[in-house]
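So the sequence lines, in the order shown, correspond to chains R and D. One rule links them: number in this note's numbering = place in the first sequence (from 1) + 1. One rule links them: number in this note's numbering = place in the second sequence (from 1) + 1.
There are 2 protein chains.
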Amino acid sequence: MAVASAVRARGRDVLLFPIRGFADAALTRFPHHWIHLGAFGRPLRLMREAGCTEMVMIGSLVRPRLWQLRLDLTTLFLLPRLAPLFRGGDDRLLSGVADLIEARGIKLRGAHEVAPELLMPEGVAGNHRPRPEDEDDIRFGFELLRAIGPYDVGQSLAVAGHRVLAVEAVEGTRAMLARIAALRRDGRLNLPPRTGVLVKAPKPGQDRRVDLPAIGLETIAEAKEAGLAGIAVEAGGTIVADAGALARAADKAGVFIVGVGPAEKSR
Amino acid sequence: MAVASAVRARGRDVLLFPIRGFADAALTRFPHHWIHLGAFGRPLRLMREAGCTEMVMIGSLVRPRLWQLRLDLTTLFLLPRLAPLFRGGDDRLLSGVADLIEARGIKLRGAHEVAPELLMPEGVAGNHRPRPEDEDDIRFGFELLRAIGPYDVGQSLAVAGHRVLAVEAVEGTRAMLARIAALRRDGRLNLPPRTGVLVKAPKPGQDRRVDLPAIGLETIAEAKEAGLAGIAVEAGGTIVADAGALARAADKAGVFIVGVGPAEKSR
């Protein structure tokens, strides 16, 4: 929604293709056509008819099994190239789908290209700053994210005092933070309050046309619940929708939120 | 318990130091002295009096915070060297404690040294064998474990079709497998039944005197519940207590269990 609004604010027309079973009905306040997951023919035809030249893929969905897709003729035609993409992580799958769409004449754009104002800027947002030990954990976290990058694992992890509390895989950031909160509540993870950092970044070498990491107001609430001191994300590589609102929420929750530039990240 | 029995079966005397709040009371059928976590003086004195020359550390505990330890004079004396060990992963902490104990004249032994018959042997145990795609995931899993080794994250992860389902950190193997089971039940992880492998191994460069990975009958039940096809562990680097019982349980559950030698692992 934030992306659609931002693109429109720049004076461009938008046409949405919400996916049945996944997309929020609120999206229908924009011009739209509901589509079925896996039916490529209809949206491609509608885009051609509407004169669309560019497309942005947004949001997450439960990865389907190949036979659960609503196949149409176009998809059947693409099947030989689609099937092998199911072997591997999400990045491989999404990136391959993006290539298939581009081969049909639609240019895929990352959200960061069409609406750069939605991305986390560099530096601290809000009043809470990372302490030196947090900065240390941020460096450690980005380094570990880089190390697992080639394995297409996930986009985030949590570290406290160089100790890895959790690594995100298919469960997602929210479930990972809830797990840390539960471990602390149960006394199975024994840490002073407000220690540890959520570190989130696109996978190194990730196809940025698809699935840029995002954080929102709920991420701040979840990080607080997990007892973390703050959140560090890659500046220019993470969708925050509204950095101002995020900073205010972080201040209220007593957590820091910082955008770390690529140069800073790799030091 | 299996280790104490195995050592005794070799004709050696054992003396146990169960830690209050963590150890199983069943251990008291061996000669023992209950101790408090963090009080080093008493066990060191009792070991000296009993003529102990070697010690094996077994089992897991919730990592305490430094101030929660029941400090005695010996521990206070060790404190300057103990405190820095709390910065980092579990391997660093345990390995450092092992060094401190050895400096007092007690030789730390890994369970694999005093009771090698408790370790997983190389090859398939039981009747179910990994399929080619499972072998592929096993290689992938060991490779990823090696990549995260320097960060002291955890000893296990689960992979299905080169897609990383979960990575273990502080939550432990059981919670990680329960998470996969829940994701499948909720439909948030959409995989054919009996796909994916639990891969478990000591961290590369891990101090094998302490905290060797272990699997048991409950691990087989948990892997089955998580819908996995099987379990792969490092042969000679994983405690299984009773490989025969494990093989029978695996057959009954319909999962494979395989010990992979270090050479095989790195291919």
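For glycine and all other residues, C-beta sits at the position ideal for the given N, C-alpha and C. It should be emphasised that the depicted structure is a prediction, and the values quoted were computed from it without experimental measurement.
Q. Which chain D residues are close to R/Arg88, counting only those with a beta carbon under 7 Å from its beta carbon?
A. Contact of R/Arg88 with chain D by beta-carbon distance below 7 Å involves Gly162, His163.
Q | With 16 other Cβ atoms within 10 Å as the buried cut-off, status of R/Lys253 | A | Label assigned to R/Lys253: exposed.
Q.
Please tell me whether R/Lys108 and R/Thr54 are closer than 8 Å, where the distance is taken between their beta carbons.
A. yes
Q.
Am I right that D/Asp138 and D/Lys204 are in contact with their C-beta atoms under 8 Å? What's the rounded C-beta distance?
A. Contact doesn't hold; Cβ gap of about 20 Å is too wide.
Q: Below 7 Å between beta carbons is the criterion; list the residues of the stretch 162 to 186 of chain D that meet it against any residue of chain R, in chain order.
A: Closer than 7 Å at the C-beta level to chain R, one finds these residues of the stretch 162 to 186 of chain D: Gly162, His163, Arg164, Val165, Leu166, Ala167, Val168, Ala170, Val171, Glu172, Arg180, Leu184.
Q.
Output needed for R/Ile233: all residues of its chain with C-beta closer than 6 Å, excluding positions within five of it in sequence on either side, in chain order.
A. Per the sequence presented here, residue 233 of chain R reads as Ala, with Ile not at that position. Excluding positions up to five away in sequence, the list reads Ile139, Val198, Val200, Val259, Val261.
**Q.** Chain-ordered neighbours of R/Ala270 on chain D, where CB pairs are closer than 8 Å
**A.** The shown model of chain R, from 2 to 268, leaves out residue 270 of chain R, and the question about it has no answer.
Q | Distance between R/Pro32 and D/Leu146 (C-alpha atoms, nearest Å) | A | 47 Å
Q: Find out if the Cβ-Cβ distance for the pair R/Ser96, R/Asp208 is shorter than 8 Å.
A: yes
Q. Can you tell which of D/Arg110, D/Asp14, D/Glu226, D/Gly39 has its C-alpha closest to the C-alpha of D/Phe87?
A. Looking at the Cα atoms, D/Gly39 is the closest of the given residues.
Q. Is the Cβ-Cβ distance between R/Ala216 and R/Thr239 less than 8 Å?
A. Contrary to the premise, residue 216 of chain R reads as Ile rather than Ala in this sequence. Contact flag set, yes.
Q.
Quick check on D/His129: does DSSP put it in helix, strand or coil?
A. coil
Q: Use the C-beta contact count for D/Pro151: other C-beta atoms within 10 angstroms, 16 or more gives buried, fewer gives exposed.
A: Exposed, since its Cβ has fewer than 16 Cβ neighbours within 10 Å.
**Q.** Under 9 Å by beta carbon: chain R residues contacting D/Gly188
**A.** Val63
Q | Outcome for R/Phe78 when other beta-carbon atoms lying within 10 angstroms are tallied against a minimum of 16 | A | exposed
Q) Is D/Thr220 buried or exposed, if buried means 16 or more other CB atoms sit within 10 Å of its CB? A) buried
**Q.** Per DSSP, cross-strand counterpart(s) of R/Arg1
**A.** Lying outside 2 to 268, the shown extent of chain R, residue 1 of chain R is not represented and no answer is given.
Q) What separation, rounded to the nearest whole angstrom, lies between the Cα atoms of D/Met58 and R/Arg189? A) 20 Å
Q. Hey, does D/Arg43 have any beta-carbon neighbour from chain A nearer than 8 Å?
A. Looking for chain A here will not work: the only protein chains present are R and D.
(Q) Against D/Leu145, what residues of chain R qualify as contacts under a CB-to-CB distance less than 8 Å, listed in chain order? (A) Ile149, Tyr152, Val154
Q. Is any heavy atom of the ligand HEM found at a distance shorter than 7 Å from the C-beta of D/Arg30?
A. Only the bare structure without any ligand can be found here, which leaves the ligand HEM out of the picture.
**Q.** Inter-residue spacing [alpha-carbon to alpha-carbon] between R/Leu28 and R/Val4
**A.** Within the model, the alpha-carbon separation for R/Leu28 versus R/Val4 is close to 11 Å.
**Q.** Cβ-based neighbour list, R/Thr174, same chain, cut-off 6 Å, excluding 5 preceding and 5 following
**A.** Ser157
Q: Use the C-beta contact count for R/Pro117: other C-beta atoms within 10 angstroms, 16 or more gives buried, fewer gives exposed.
A: exposed
Q.
Tell me which residues share the same chain as R/Arg82 and place their Cβ nearer than 8 Å to its Cβ, disregarding the 5 neighbours each side in the sequence.
A. Gly97, Leu101
Q. Helix, strand or coil: how does DSSP classify D/Arg11 here?
A. Of the three classes helix, strand and coil, the one that applies to D/Arg11 here is coil, per DSSP.
Q: Answer yes or no: does any C-beta atom of chain D fall closer than 8 Å to that of R/Arg66?
A: True, the Cβ-Cβ gap to chain D drops below 8 Å.
Q: Give a yes or no on contact between the stretch 122 to 138 of chain D and the stretch 124 to 136 of chain R, applying the rule of three or more CB pairs nearer than 8 Å.
A: Cβ pair count under 8 Å is below three, so no.
Q: Report the three-state DSSP secondary structure of D/His113 (helix, strand or coil).
A: helix
Q) Roughly how many angstroms lie between the CA atoms of D/Ala112 and D/Leu16, to the nearest whole one? A) 15 Å
**Q.** R/Met56 (DSSP reduced to helix, strand or coil)
**A.** Residue state, collapsed to three classes: strand.
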